[in-house]
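One structure is given here, and the rest of the page talks about it.
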Amino acid sequence: MNKITGTQINYYFHCKTQLWLHANRINLEDNSEDVRIGKILHEIAEEKGKKTEISIDNVKIDKLTRDYLVEVKKSDSDPEAVKWQVLLYLYKLKQKGVLKKGKIEFIEKKKQSKKVHFVELDEENEKGLLVVLEKIKQLINLPKPPEVKFEKHCKRCAYYEYCFI
Numbered sequence: 001m002n003k004i005t006g007t008q009i010n011y012y013f014h015c016k017t018q019l020w021l022h023a024n025r026i027n028l029e030d031n032s033e034d035v036r037i038g039k040i041l042h043e044i045a046e047e048k049g050k051k052t053e054i055s056i057d058n059v060k061i062d063k064l065t066r067d068y069l070v071e072v073k074k075s076d077s078d079p080e081a082v083k084w085q086v087l088l089y090l091y092k093l094k095q096k097g098v099l100k101k102g103k104i105e106f107i108e109k110k111k112q113s114k115k116v117h118f119v120e121l122d123e124e125n126e127k128g129l130l131v132v133l134e135k136i137k138q139l140i141n142l143p144k145p146p147e148v149k150f151e152k153h154c155k156r157c158a159y160y161e162y163c164f165i
């Protein structure tokens with residue numbers, strides 16, 4: 001089994017079906033407007049000479065500063081999922097002997113403003129992360145995806161047609 005990625009931990013909190021499908025290589029995200037917007041944000045940062053993305057093992061970190069691991073998201077639609085994604089990245093860094101705090105920057109596309117949240121990999125969060133990682137491993141190894149549950153955000157999902165049509 002592959003190592004768990006930031007996208008997978010994000011999907012665990014966002015949608016268990018989406019996580020299973022993505023982890024089992026059923027990828028429908030190439031048609032997603034939200035995924036395209038996220039890629040464009042990274043391309044814009046690259047063009048401005050701010051290419052700071054760093055790959056460590058199986059994760060891609062948006063930016064590292066002296067004090068922070070920085071994750072940039074286009075909206076704050078699922079802050080809990082992003083928090084755990086950042087905790088995974090902080091854990092990966094800690095395993096390499098690098099201790100940082102997490103900083104999440106939400107770029108509000110309609111408001112043209114930025115919201116910033118901070119997170120730390122303290123003992124409690126690390127224990128919680130290890131439990132989440134184990135649950136993700138169990139879920140993605142199921143023989144079929146979990147039962148689909150319709151939520152209000154489903155209509156914008158790249159997997160909407162797979163799940164509901």
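All residue numbers in the sequence shown are consecutive under our numbering, ending with 165. C-beta atoms are modelled at their ideal positions from N, C-alpha and C, and glycine is treated no differently. All values derive from a computational prediction rather than experimental measurement.
Restricting to Cα atoms, I'd like to know which of the options is closest to residue i.
| i | options | result |
| --- | --- | --- |
| residue 81 | 7, 17, 157, 161 | 7 |
| residue 121 | 98, 152, 139, 74 | 98 |
| residue 132 | 114, 158, 165, 83 | 83 |
| residue 160 | 102, 138, 21, 59 | 21 |
| residue 70 | 124, 78, 85, 77 | 85 |
| residue 115 | 77, 60, 53 | 77 |
| residue 58 | 75, 125, 92 | 92 |
| residue 13 | 162, 118, 151, 26 | 151 |
| residue 117 | 3, 101, 134, 139 | 101 |
| residue 67 | 108, 90, 163, 3 | 90 |
What is the DSSP secondary structure of residue i, counted as helix, strand or coil?
| i | result |
| --- | --- |
| residue 105 | strand |
| residue 132 | helix |
| residue 59 | strand |
| residue 54 | strand |
| residue 97 | coil |
| residue 151 | coil |
| residue 89 | helix |
| residue 27 | coil |
| residue 10 | helix |
| residue 141 | coil |
| residue 162 | helix |
| residue 146 | coil |
| residue 74 | coil |
Can you determine whether any heavy atom of the ligand GDP sits closer than 7 angstroms to the C-beta of residue i, and answer yes or no?
| i | result |
| --- | --- |
| residue 60 | Absence of the ligand GDP is noted for the structure shown, with no ligands found whatsoever. |
I'd like to confirm the pairing. Which residues does DSSP put opposite residue i in its beta bridges?
| i | result |
| --- | --- |
| residue 64 | 69 |
| residue 117 | 104 |
With burial defined as no fewer than 16 other Cβ atoms inside 10 Å of the residue's Cβ, what is the status of residue i: buried or exposed?
| i | result |
| --- | --- |
| residue 65 | exposed |
| residue 10 | buried |
| residue 95 | exposed |
| residue 185 | Residue 185 falls outside the range modelled here, since the chain spans only 1 to 165, and no answer is possible. |
| residue 155 | exposed |
| residue 106 | buried |
| residue 143 | exposed |
| residue 73 | buried |
| residue 103 | buried |
| residue 16 | buried |
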